[in-house]
Structures are given as C-alpha cells and as structure tokens.
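Data first, discussion second: the structure below is written as structure tokens.
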Amino acid sequence: MKVIIEKNFEHEGETYEPGETVDLPEKTAQKAIEKGVAKNAEEIEDEIEIEPGSEVDTSSEQPEDEGFPEEVSVPGEKEREEESEGGVWEELESELDEPSRAPAWRPEEAGDQLLGEVTRTGRGPNGRLLEVKTQEGEKYVLWEKVALQDLFDRVKAGDRIGVRFLGEEESSSGRSYYNYRTALKKEDKR
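First residue of the sequence shown? That's 36 in our numbering, and the numbers climb one at a time after it.
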C-alpha cells in the first residue's frame, strides 16, 4: 500500500522521512496510519484539488488536513500590464471554470528532473507544495522534502526552478534520505 510519511519512522532497517511516498506491506502501512506516522497516499491525492486564488493563509486557524487552500500566491503585476484588460478577465474566468488537478512529481531514478515555472505556492495536508508548469505545458505538484527546504523558503509564484533527483544517500549518522540538486531563477521585475 502506498503511503505518505508524516513523521520519521523505521521499518526493516529503512528510515522514512516526512513527505516521502513509499510502498509498504499492507499490515505495516495500516499500523503506520493508525499510529499517525503516515497517511494513505491514494486518499491524500484524492483530497488535493488546486484552485486559483490569492495569498496563502498560513494562520493556525485553518486545519492542515483540509487539502490545498483556495488561496495561493500569484506572479506580479508585470504580466498583467502587458495584456489587454479584456484578455485578463477572459483568462481569469477560464481559470475559474477549470480547477487544476496536477499530479505529484515523483522521480523514479537518479537524474530525473523537473524544470518549469512555479504557478502556485501553498500548503496541503503534508506541508508546503509548489505547482510547477513545465515547458511542455504539463503541471506537477512538488511537495517539500527536507533536502528541498531551502528552495521552498526562497521561491515565489512566477519564479523558474529546476529540481534534479540525485537518488538515495546516507548521512554521516547512517540514516538514508533522498537528495536533490536545485536551481532557482527569480521572476524578472524590470
């Protein structure tokens, strides 16, 4: 059963970190879910529906398990000035009619990479996330991992990012983790 790890835990010598999606034996997965260290990945993916909005509400009043908020950050005014007023309103109405259901980006082997523009930032049931639109026009949700924290701290909607999966590595303490290399190009604010 696929689960998304919420708290660090070990199983058969493997250490799992929050945000990782792993395939565990059915009984182990059920125990992890019951103990609150994991959530069923299929149920979480069904909960996440990204919709257009404005700023992310980071107040503690909003429960974290309600999925992606309707409020998100958006690129600056520069792009809007370049478009005619009529075009802006039509584009906004179109976005409201078709909510995004972008799949999560899940690299499978070292060297897999995600390149694109951050279209939305926000918080979901597993922490912070970014919606990234690739050059090909595909959208993916990138969930924050420990190795991506610096990128998530600096990125805003409109920025362009590159994320390369380096594979599983071992820390000096002997703990295994997934490592990534990142690149960030901030939105040009002329």
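Virtual Cβ for every residue (Gly too), placed ideally from N, Cα, C.
query, result
"Measure the C-alpha to C-alpha separation of K221 and R195 and round it to an integer number of angstroms.", "6 Å"
"Buried or exposed: which applies to K70, given that a residue is buried once 16 or more other Cβ atoms fall within 10 Å of its Cβ?", "exposed"
"Looking at I39 and A76, is the spacing between their C-beta atoms short of 7 Å?", "yes"
"Whether or not the region 142-159 and the region 190-204 are in contact is what I'm after, with contact meaning three or more pairs of Cβ atoms, one per stretch, closer than 8 Å; do they touch?", "yes"
"DSSP has N214 in a bridge; who is on the other side?", "G202"
"From Q65 to L59, what distance separates their C-alpha atoms?", "9 Å"
"Where do the N-terminal and C-terminal ends of the alpha helix (DSSP H) with K37 fall, by residue?", "No alpha helix (DSSP H) holds K37; the beta strand (DSSP E) holding it covers 37-40."
"Does DSSP put W124 in a helix, in a strand, or in coil?", "helix"
"How many whole angstroms separate the CB atoms of E171 and R155, which I take to be in contact at a CB cut-off of 8 Å?", "In fact, because the Cβ distance is near 18 Å, the residues do not count as touching under 8 Å."
"Taking contact to mean at least 3 C-beta pairs separated by less than 8 Å, is the region 39-58 in contact with the region 176-184?", "yes"
"With DSSP as the reference, identify every bridge partner of W178, one or two as the case may be.", "L164"
"Can you give the Cα-Cα distance for R163 and Q184, rounded to whole angstroms?", "9 Å"
"Can you tell me where the alpha helix (DSSP H) holding Q65 begins and where it ends?", "61-69"
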